[in-house]
Every structure is written in C-alpha cells, then in structure tokens.
Amino acid sequence: MRALDRIEYRLAVSPQDRERIFHLRYQAYLREGAIAPKDDERFTDPVDELPNCFIFGVYADGELAGAIRLNISVPGLPPIPTASVFPDTVLPQIEAGRVLVDPTRFVADTHWSRELPELAYLTLRLPWLAMEHFNADIMLAAVRPEHYPFYRRLWGNTVVSPPRLYPGLAKPVMLSQLDYAKAAPRVEALYPFFRARADERAAIFGTSGMMWLPAVAGTSLTRPALL
C-alpha cells in the first residue's frame, strides 16, 4: 500500500503531543454526537494515565491525521477499559491467562480522512501489530453498532456482547472480538500491509515486548527510552 509510505506512528509522550491528540479526539467525538461540548475542547480520561496504556498519533506527511489508544491486559496492573463495561465477557478471559489488546479512542481528522481514504486501515494497523508484538490472544473492539460491520469485514470479528453504555460517551457500544491466531493467516493474506517486520514493531512499541511492564519485569513504571 503506497499510502503507508506517507504514514508515521508516534507514541504520544510529550504533553504537547498528548494535548493535540486529546483535542483531535474532542473534535471527532463531538462531531459524532458522542460527547457534549466542553470549554477546554479536549477529551481525556484516567485511562490515559495507566501504565499499560499506549496513546499513538498517526501522522500523514508530518501532520497529525489520526490517533488511537491501546491498552494491554497484564496481571497486576489496572484492568483494560473495556473490562469495566463488559466485565462478564472480558474478565474471565484475562483470568484464564489470555492477553488482550483493547483499542479505544480511534479518531481521524476530517481533512485527512478525505485526503487519505486508507487512513482508517493504517490506524487500525497499530492494534494489529500490537497483537503480534505482545504475543496477544484476543483483540477487542468496543464500538457503536453501526460501526461493527466494518470490523466484521476487515478482521472477521464476532459479537460477544450487545450494546451497553460506556462511561463518558452518550451513545452505547457493543463488544466484538477476534482470536488473533485464527484470524491472522486470512487477514494478512487479504491485507498484506498489516504485516510488519520485527524491527518495525520494535521501533513502534519498544524492543522488550512486555518487559517494561512492572508486573512482568518487577521494576518501576518507567518505560524504556526507545518508546
């Protein structure tokens, strides 16, 4: 996919990068009627501060075009956000030892959505790469019902829970998920750009897999400098 050459994935670490993403989120969610107007024009929540949370900006030709948040389930760390809404479905999988990737706050700039029609696919490449990098088993998708067909076509997601209210949002979301090991051969045959070399994944997420997470490494919450 040629559009991939125009894309850069950046982990949002600096306050400036994070604030730009929080503002982009606000614009996107307000446009969809999912949140009420706010004077500060930013959309964030406590999940953004969790140690098992990655916030990524997706840059096209150097400009912020989209963003997504990824939470990885790790024993001993705060639960992933979707577990608070669908505990009956999510928590048993975590307790069974499965590693889950929970993508949320998937947004796009309106200009770049028109300029780069592949933007949605390129943004969702991040949780797909996270699945392999963190040796994860299940990817969740807590999305509005009208958005579910996209995920079914793209990855083959199956519905595991009907719509429920999600904290901070005006519209309910349903939960779907996929089994990565079963889905990967078909998805990567259909969409080869979802594949990534180990060095690309390391540049995006870090070289040590989950070893930066304190529950695994027995260290502080400091992330490695590469991130």
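Residues in the sequence shown are numbered from 65 upward in steps of one, following my numbering. C-beta: ideal position from N, C-alpha, C; glycine also.
For residue i, the nearest candidate out of the options (CA to CA)
i: LEU114; options: ILE144, VAL237, PRO227; result: ILE144
i: VAL165; options: GLU182, HIS175, THR146; result: THR146
i: SER78; options: MET203, ASP112, ASN199; result: ASP112
i: GLU252; options: LEU229, ILE71, SER225, TYR185; result: TYR185
i: ASN221; options: ARG89, LYS235, PRO227, LEU239; result: LEU239
i: LYS246; options: LEU128, GLY270, ILE71, MET195; result: MET195
For residue i, three-class secondary structure by DSSP
i: PHE198; result: coil
i: ASP137; result: Asp is not the amino acid found at residue 137; the sequence shown has Ser there. In this structure, SER137 counts as coil in the three-state DSSP scheme.
i: ALA234; result: coil
i: PHE258; result: helix
i: ILE158; result: helix
i: PRO101; result: coil
i: PRO191; result: helix
Beta-carbon spacing of residue i, residue j below 9 angstroms
i: HIS197; j: ILE119; result: no
i: ILE85; j: GLY126; result: no
i: ALA206; j: VAL149; result: yes
i: MET190; j: TYR73; result: Inspection of the sequence shows that residue 190 is occupied by Leu rather than by Met. Yes, the Cβ-Cβ distance between LEU190 and TYR73 is below 9 angstroms.
i: LEU204; j: VAL154; result: yes
i: ASN116; j: ILE136; result: yes
i: TRP192; j: PHE258; result: yes
i: VAL294; j: PRO213; result: Not covered by the structure: residue 294. The range shown for the chain is 65 to 291.
Span separating the alpha-carbon of residue i from that of residue j
i: SER177; j: THR168; result: 18 angstroms
i: ILE130; j: ASP152; result: Correcting the residue type first, residue 130 is Gly in the shown sequence and not Ile. Straight-line Cα distance between these residues: approximately 31 angstroms.
i: THR286; j: ASP201; result: Note that THR286 scores a pLDDT of 35, beneath 50, so its modelled location is shaky and nothing firm can be said.
i: PRO278; j: ARG162; result: Residue placement at PRO278 cannot be trusted, given a pLDDT of 40 that sits under 50; what the coordinates show is reported in the next sentence. Roughly 18 angstroms separates the two Cα atoms.
i: GLU264; j: VAL223; result: 31 angstroms
i: LEU242; j: ARG216; result: 9 angstroms
i: ALA248; j: ASP103; result: 43 angstroms
i: LEU233; j: TYR255; result: 32 angstroms
i: ALA281; j: VAL138; result: With a pLDDT of only 37 at ALA281, under the threshold of 50, the placement of this residue in the model should not be trusted; the figure read from the coordinates follows. Distance between the alpha carbons of ALA281 and VAL138: 11 angstroms.
i: ALA67; j: ASN199; result: 27 angstroms
i: ALA289; j: ALA266; result: With a pLDDT of 29 at ALA289, under the threshold of 50, the predicted position of this residue should be treated as unreliable, though the coordinate-derived value follows. Going by the C-alpha atoms only, they are around 12 angstroms apart.
i: ASP218; j: LEU188; result: Going by the sequence as given, residue 218 is Leu instead of Asp. Distance between the alpha carbons of LEU218 and LEU188 is about 10 angstroms.
i: ALA160; j: HIS175; result: 43 angstroms
i: TYR230; j: ALA260; result: 32 angstroms
Distance cut-off 8 angstroms: residue i Cβ against heavy atoms of the ligand GTP
i: GLY130; result: As far as ligands go, the structure on display features none, and thus does not contain the ligand GTP.
Residue i - partner residues in DSSP beta bridges
i: GLY130; result: VAL122, ALA172
i: LEU222; result: Sequence inspection shows Thr at residue 222; the Leu mentioned does not correspond to that position. Its beta-bridge partners are GLN241.
i: VAL207; result: MET238
i: VAL165; result: ILE136, MET203
i: ARG228; result: VAL237
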